[in-house]
Structures are given as structure tokens and as C-alpha cells.
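**Student:** Next up is a structure, given as C-alpha cells.
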């Protein structure tokens, strides 16, 4: 007997007495009423379970229930998803082939692969400059024209005509020229090569230029001359920006999808999400391969075929699993084909409405450009959100500085320094800035012997001094036409 707190033993005794009376009439051959008889033991368990169900809501804990299940040699399992994606890690630079329908286990739960999987060798990442010199990822050197390749070669199995690649940019320089932070953005050309009997053959792809933020997904369209079979692909990324192209980790070629199915090909298990970073091991031809559930992967729904779940997973892994924010609109606008943006700001002054204020490099937007940008932004916006595309209000101004320079310095040198200090004011909309900070920075210069005043004079006649704060509206951008030292 299990000791349950506050259990009404009289009720249990009444149940047992009634049951023994009934069973002696209905099934006299079933038991001889020996206390150790299996029939009586089983009957006691049933009565105890009935009693538990009666008091379950208020008094029976999960531990008590598990104790009962252990009596009949039944161990409960936590519900686990019927479809799950995992990331497989390479082993000792060896390429491992895993065939479709191969069975592996997450804990005690068996899964099978819904397609062939290749676990590529963990090759060292290498990069080369345009002159063809190779470097390891921690051995970059400055190149005169600042053009760099990043090359990644792997067996990359895929389904369909889209190859989703996950990347994470990390600076490999001790003193990087560009800080790769949450606001980082650059564009690079992506090329794909396929290995043929005659060597590497370049594939013609629809879009070659992609935008790279600090991390995320890019969707590369697979060209028609690559078939559905496994192919050896080489990914080449070319950057013209004035910094070294950091290392990029392509992880999607390590991801495989597993599914629980019974002998009738009916999906089993529960829907929901699988715990992130759940580690387990699989044995392939005598080699132990590490597998980890990848991020909070989207898992199968009830009555969903494994192939539908696979396609849904591929689309859902590219979605934002959070609220859309200002940085998302900026990134989407910057990546819009055919648009070169100089300055951009995103803000909202009322619920349900987002304003995207853009200053193009060429000065003005044509109707076709606005239509294209609007189409891209509307496809990405949440339901119920209104998007308004604006151009900034320009505030032209001149800066007057009452300062004296040392004899060895010139006013022109001071002007160049001030231009560099206030450049950020011309690159950011909706800025709020204390002019006293500019005043003190000028005063601290070695070339300045004294500074008495500072005036920012706008074309409309308004003036601000070093005692004032510059406050521009969200769609306002300052243009500094001249700096005058007096």
C-alpha cells in the first residue's frame, strides 16, 4: 500500500469489500482470496487507482501517480514532438552519409530521417584576397583595394530551389576597422560553383547581391543547372567594403529533419517545440556523431505528413520569432533591389502606423523606386500595420565659432576637424544633441587657444548657442552648409 496523505481509508475498504463479494459470485475460479494472490493484488491496485482519481484534483501529486505506474512496470515519457530538426556535427574531418529512413533515438524515442543526409567534414575556414593569397580566418592582411573573398566548400544537400544559409559575422581582426554590432550592415556578392568532371563550373543565379547584417538567414535561389541530387557546391562571397570580410558559418547544410511514424506511416507524437540544445549521439557505421536540437525548432502538427512538416519548417525558420522592430524595417529597405539609400530612419507616432523616412543617394525617388520599396515593405509588415514612406525634411544651417587658434595651426585645419566631429549630425535623422558637447570638444583641442561662443544659424533665421539643445523631428535631417571661424 502507498501512503497517501489524507486519503479516506474507509472509502477504500468499502470498495475492496464490495469487490471481493462481487468477484466471488461472478468469477469464483479467479482467486482463492489469498492475500498474496495476483488477482487480489491487481484488484487492490484498481481500487487504489479509483480512489486516486476521486481525490486527484486536490490530493494526488505527480509523484504519487508515477509511483503507481512503476508498480505495473510503466514509465511515463514526457511528450515529445513528432517532427524535429537537429544539427549534426562532423567527426574527425570525415564525411558521413546517412540514408533516408535511418532510425536514431532522442532519449528512448525512435525517429527516422525523412531524406538522405550528408554530414560534411569540418574543413578549416579559409579566405583569400583578390590576388589569390590564402589566409586562415585569424591571419587576414590588409589589401590595397580592400576587396576580399570568403570561400566555403562543402557537400550541401538540399530540397527545392532555395538554399537557406544561416550566417554569423564575427570580426577576426584585433583592431577591426568596422565594429560588427547589432546595427552592422553590408552588401556582398554571392557566387555558387558546382564541381563537374571538368572542374568548378560557375552557376548563373538570379540574385547575386545580398545584404548581410550581424547574423541571420539569406535565401539563395538555386540555379536550374543544379539538379535535385546531392552536389558538391562551393560558396564564394565577395565584398568591396573597406574592411576584412569576417568568417561566416553556414549551418543549414548540417541540419536534418527527423520524424516519428508508425508502421502505417501515420505521424506520432505531440505538437509544439522541442527543447533547445538537447544533445544526443547517433552511431553511423561505427562512428559516434553528435546531434543537437537546433534553436527552438518548429515541430510537427497532428495529422501532418513529414514532408509537409519539412516544408513548413524550412519556411518558418526564416521567419522572425519576435516582434518586428525598427532594425528589421531598416534592413529590409536597405536590401531592396535597385535602391541606394544614404540615410534612413523608422519611427511611429501613432499606434498601427510605421513611417519609413528615406534619403536616397541620388537625391530623389522616382515613382518606380517608391512603388518597389512599398511592395517590399508591405510584404514584410505585420497584419494591421500601415506603412508610410517619406523623404526627410532638410534643415540647412551654418555653424559660427568664436575661437582663436594657436600660431602653428590654421583656421582651415580647425574647420576640417569640426566637420569630422559633426558628421554624425548629417547622417542621422531625428537627432537630439547638446551643443555644449561640441563646444567642449573644440575647446579641448591643442590647436585652440580659446573659444568664447558657438552659434548654429538656420536658413529660417533661428539660432542655437552652446547653451541650447538641438532637437530635430523624426523625419528631420540637418545639412551643414558652412563652418565659419571668427
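In the numbering used here, the protein residues as written are 28 to 513.
Beta carbons are placed, not taken as given, at the ideal position from N, Cα and C, and that holds for glycine.
Given that a residue counts as buried once 16 or more other Cβ atoms are within 10 Å of its Cβ, and exposed if not, what is residue 318?
**Tutor:** buried
**Student:** Please say whether residue 367 and residue 382 have beta carbons closer to each other than 8 angstroms?
**Tutor:** Contact check for residue 382 against residue 367 fails: the beta carbons are separated by 8 angstroms or more.
**Student:** Any idea if residue 75 is buried or exposed, counting beta-carbon neighbours within 10 angstroms, 16 or more meaning buried?
**Tutor:** buried
**Student:** Could you say which of 498, 476, 474 and 470 lies nearest to residue 483 if we only look at CA atoms?
**Tutor:** For residue 483, the nearest C-alpha among the options comes from 498.
**Student:** Give the secondary structure of residue 439 by DSSP, where H, G and I count as helix, E and B as strand, and everything else as coil.
**Tutor:** helix
**Student:** Of all the options 371, 507, 354 and 226, which has the alpha carbon lying nearest to the alpha carbon of residue 423?
**Tutor:** Residue 507 is the option with its Cα nearest to residue 423.
**Student:** So residue 451 is in the alpha helix (DSSP H); what residue range does that whole segment cover?
**Tutor:** Going by DSSP, residue 451 is part of no alpha helix (DSSP H) at all; its letter is neither H nor E.
**Student:** When you compare the CB positions of residue 465 and residue 481, do they come within less than 8 angstroms of one another, or not?
**Tutor:** yes
**Student:** Write down the C-beta distance between residue 478 and residue 470 rounded to the nearest angstrom, noting that I regard them as a contact closer than 8 angstroms.
**Tutor:** 5 angstroms
**Student:** Spatial neighbours of residue 546 within its chain, please: CB distance less than 8 angstroms, with the 5 preceding and 5 following residues excluded, ordered by chain position.
**Tutor:** Outside the displayed span of the chain (28 to 513) sits residue 546, for which this structure offers no information.
**Student:** Below 6 angstroms CB to CB, which residues in the same chain sit around residue 290 once its five sequence neighbours on both sides are set aside?
**Tutor:** Since pLDDT at residue 290 reaches only 47, below the 50 mark, its modelled position is unreliable, and no value is offered.
**Student:** Output the boundary residues of the alpha helix (DSSP H) element that contains residue 361.
**Tutor:** 353 to 361
**Student:** Comparing C-alpha positions only, which one of 472, 509 and 124 sits nearest to residue 314?
**Tutor:** Residue 124 is the option with its Cα nearest to residue 314.
**Student:** Should residue 454 be counted as a contact of the ligand PLP given a C-beta to heavy atom distance under 7 angstroms?
**Tutor:** No copy of the ligand PLP occurs in the structure displayed, which carries no ligand at all.
**Student:** Going by DSSP in three states, residue 499 sits in which element: helix, strand or coil?
**Tutor:** coil
**Student:** For the alpha helix (DSSP H) containing residue 469, name the first residue and the last one.
**Tutor:** 462 to 470
**Student:** So what's residue 228 in DSSP terms, helix, strand or just coil?
**Tutor:** strand
**Student:** Can you give me the Cβ contacts of residue 417 inside the same chain, cut-off strictly under 8 angstroms, excluding the 5 residues immediately before and after it?
**Tutor:** Around residue 417: 382, 383, 384, 385 and 502.
**Student:** What is the DSSP secondary structure of residue 366, reduced to helix, strand or coil?
**Tutor:** coil
**Student:** Residues in the same chain with beta-carbon distance under 6 angstroms from residue 139, minus the five sequence neighbours each way, listed in chain order, please.
**Tutor:** 128 and 130
**Student:** Closer than 6 angstroms by C-beta to residue 496: which residues in its own chain qualify, once you throw out the five before and the five after it? Chain order, please.
**Tutor:** 461
**Student:** If we ignore side chains and look at the alpha-carbon of each, how far apart do residue 152 and residue 226 end up?
**Tutor:** Reliability fails at residue 152, whose pLDDT of 44 lies under 50, so the model's placement of it is uncertain and the value that follows must be treated cautiously. When rounded, the distance between both Cα atoms is 21 angstroms.
**Student:** Quick check: what's the CA-CA separation for residue 500 versus residue 308?
**Tutor:** The straight-line gap separating the alpha-carbon atoms of residue 500 and residue 308 is approximately 57 angstroms.
**Student:** Rounded to a whole number of angstroms, what is the C-alpha to C-alpha distance between residue 215 and residue 450?
**Tutor:** 26 angstroms
**Student:** According to DSSP, is residue 377 helix, strand or coil?
**Tutor:** strand
**Student:** Can you name, in chain order, every residue of its own chain whose Cβ lies under 7 angstroms from the Cβ of residue 472, other than the five neighbours on each side?
**Tutor:** 444
**Student:** Using only the alpha-carbon positions, how far apart do residue 415 and residue 453 sit?
**Tutor:** 23 angstroms
**Student:** Give a yes or no on whether the C-beta atoms belonging to residue 476 and residue 433 are separated by under 8 angstroms.
**Tutor:** yes
**Student:** What are the boundary residues of the beta strand (DSSP E) that includes residue 416?
**Tutor:** 413 to 417
**Student:** Can you tell me whether DSSP reads residue 315 as helix, strand or coil?
**Tutor:** strand
**Student:** Helix, strand or coil, according to DSSP, for residue 71 in the structure here?
**Tutor:** Helix.
**Student:** DSSP three-state label for residue 458, please.
**Tutor:** Per DSSP, reduced to three states, the secondary structure at residue 458 is coil, with no helix or strand assignment.
**Student:** Taking just the CA atoms, how far does residue 44 sit from residue 77?
**Tutor:** Those two C-alpha atoms are separated by around 14 angstroms.
**Student:** What residues in its chain sit with their C-beta under 8 angstroms from that of residue 431, if we drop five residues either side in the sequence?
**Tutor:** 475, 476, 477 and 478
**Student:** What's the call for residue 421, buried or exposed, on a 16-neighbour Cβ count within 10 Å?
**Tutor:** exposed
**Student:** Thinking just about the alpha-carbon of each residue, which of 132, 236 and 511 is nearest to the one in residue 442?
**Tutor:** 511
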